[in-house]
Every structure is written in structure tokens, then in C-alpha cells.
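With the sequence shown counted from 1, adding 5 to any position gets you our numbering.
Every residue gets a Cβ at the ideal spot worked out from N, C-alpha and C, and that includes glycine.
Nothing here was measured: the structure is a model prediction, and the numbers come from that model.
Okay, so here's the structure we're looking at.
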Amino acid sequence: MPLNALDANTRAALLEMQREEITGHHIYLQLARSVKDEHNRNVLRRIAAEERRHYESLRALTGATVAPRRWRVVLYYWLSRIVGLTFGIKLLERGEEQAQANYDAYVERIPLLGEILAEEQAHEDELLAMLDEEALQYAGSVVLGLNDALVELTGALAGYSLAFQNTRLIALTGLITGISASLSMAASEYLSTRAEEGEQRPLRAALYTGLAYVFTVALLVAPFLIIHHYLVCLALTLIMAVLVIAVFNYYLSVVRDENFRRRFAEMALISLGVAALSFAIGYLVRALFGIEV
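See below:
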């Protein structure tokens with residue numbers, strides 16, 4: 006079907022599909038160059054070749070040449086390098102689902118799109134089968150460290166803020182509490198993983214838990230080391246906690262196909278609820294015992 010036989014809407018849709026295919030080709034090719042695992046690299050190269058073939062098939066229909074979206078190639082490449090291949094691939098997969106919906110609308114009129122759609126659906130199964138990143142194997146350890154640090158330290162800092170009302174003292178106490186708790190959590194994770202006798206390495210699981218905890222502690226305590234008004238610091242800490250919860254839960258929602266809103270709301274409610282309760286306890290302790298620092 007030549008270009009001049011297509012109506013304006015169909016022409017625009019096919020050119021958009023064509024651009025998506027050539028963009029996908031370059032994304033998969035770039036990712037293949039950055040992957041060390043030979044099996045994963047070969048799968049990515051094969052999918053890149055199929056995306057290129059889809060592009061050529063669509064070009065035969067439209068008679069037009071389109072350029073890839075270079076910014077998307079760069080974006081997905083660096084996302085995969087920084088955040089992990091799984092995250093980059095899963096975001097691409099979401100784009101593939103949208104592309105499949107676009108093809109469905111035109112399959113009856115252009116049978117060739119049915120063949121492309123079948124191959125696009127096969128891509129998804131292959132991509133899911135190839136994903137095997139170490140970081141995901143220890144995602145549970147990271148979740149444990151982040152969750153515990155967010156709940157415990159937001160509550161502790163809220164309580165310390167009203168009890169002490171001195172940012173340096175709050176920061177010092179928070180750091181001592183956080184670092185001690187991170188060592189305790191790492192030790193507990195080590196013993197727990199060792200007892201399970203699974204595929205995870207106990208020492209590595211403990212390291213992921215401890216590092217996630219320390220990273221969260223550093224973010225939450227930072228405002229108290231920079232700003233001198235304890236209430237402003239506490240507000241910034243709570244905002245930081247919500248941002249960490251949002252970013253981490255979005256990551257998990259992508260790589261694990263989980264509901265972002267439900268997980269975010271649940272974790273944010275628990276962390277902020279504990280902080281509010283601790284703030285109230287700090288107020289009561291200060292009022293009942295007349296403690297002045």
C-alpha cells in the first residue's frame with residue numbers, strides 16, 4: 006500500500022510506529038553494548054535487529070524515512086547504566102505495550118502489522134526471561150533497610166526535635182541512633198539470610214541492608230547539619246522522607262510490576278504517622294518532666 010493510498014490519519018500513525026521501531030532499534034543496540042552477560046547481550050542484539058526489520062517493513066508501506074528520537078536513546082541508555090538494566094528494560098516494555106495497542110487499531114486494514122504485533126509480544130517474554138540482575142536478587146534486603154530507616158528515624162528525629170530543640174544535638178543523636186540501628190539491621194539480615202540457606206549470600210545481603218539504612222540516615226539527618234531552626238529541619242526531613250519513599254516505590258513498581266500508588270500511600274502513611282506520634286511523645290516528655298536542653 007503506497008503512501009498516497011493512505012488517509013492522513015493512517016499515514017501519521019504508521020510514520021509514528023516507524024519512528025518508534027527505529028528508536029527501539031537504537032535503544033536495544035546501545036543496551037547490548039553495555040551488557041556484560043553474553044546471553045543477555047545476544048538477546049538484545051536480536052531484538053534490535055527485529056526492530057530494524059519492523060522499521061524497514063513500515064518504510065516499504067509509507068515510502069518515507071524517519072529518524073529515531075535520539076533523546077530517548079540517550080535517556081534509556083543512561084537510565085539502564087545508572088539505575089539498572091531491569092529498570093530500563095521494564096520502562097521500554099511499557100512503551101512496547103502502548104505500541105501493541107497502536108498496532109491493534111490497524112491490523113485489520115494492514116495485515117502486515119499483525120506479524121509485527123506478534124513479534125512485539127514475543128519480545129516481552131524474552132526480555133522478562135533474560136532479566137537476572139544481582140541488585141534485584143537483594144531487593145528484599147534493600148527494602149528492609151529503607152523501610153526500617155524511614156519509619157524508625159523519621160519518628161526518632163521528630164521526637165528528638167521537640168525534646169531537644171537544638172539542631173546539632175538532634176543531628177548527633179540521630180546519627181548515633183541511625184548508625185547503631187544500621188549495624189543491628191545488617192547483623193540481623195546476615196543471620197536471617199544464613200539461616201534460610203537460599204541462593205543469596207548472607208554477607209552481601211547484610212551489606213545491601215546496611216548501606217540502604219545508612220544512605221537513608223544520611224539524607225534524613227542532613228537538614229539538621231545545615232539549617233539551625235529545628236522545626237524547619239524537621240519539615241525538610243519529612244519532605245525528604247516522602248521523596249525517598251516516592252522514588253524507591255516508583256522503582257519497585259516498574260521492576261516488579263507493582264501498584265505504585267498503593268505502596269507509596271501505605272509506606273508514607275506509616276512513616277509520617279510514626280513521626281507524628283513520636284513528636285507528640287517528645288512534647289509530653291518535655292512537658293511532664295520539664296526537661297530543658
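Gly-89 carries a coil assignment under DSSP once its states are collapsed to helix, strand and coil. Counted as a single uninterrupted DSSP element, the alpha helix (DSSP H) harbouring Thr-214 occupies residues 207 to 231.
In the DSSP assignment, Val-48 falls within the alpha helix (DSSP H) that extends over 43 to 67.
Contact between Ser-197 and Ala-246 is ruled out by a C-beta separation of about 25 Å, above the 8 Å threshold.
Its Cα nearest to that of Phe-265, the residue Ile-250 stands out among Gly-278, Ala-72 and Ile-250. Taking Cys-238 as the centre and dropping the five residues before and after it, the same chain places the C-beta of Thr-172, Pro-228, Phe-229 and Ile-232 closer than 6 Å to its C-beta, in chain order.
Pairing Gly-150 with Tyr-213 gives a Cβ-Cβ distance under 8 Å.
Counting along the chain, the unbroken alpha helix (DSSP H) around Glu-26 starts and ends at 13 to 39. Beyond the five residues adjoining it in sequence on each side, Phe-253 comes within less than 7 Å, by CB distance, of Leu-151 in the same chain, given in chain order.
The beta-carbon separation of Glu-26 and Tyr-81, rounded to 15 Å, does not stay under the 8 Å limit for a contact. With a minimum length of 4 residues, the unbroken runs of alpha helix (DSSP H) contained wholly in the segment 170 to 202 fall at 172 to 201. A straight line joining the alpha-carbon of Arg-86 with that of Met-272 spans about 28 Å.
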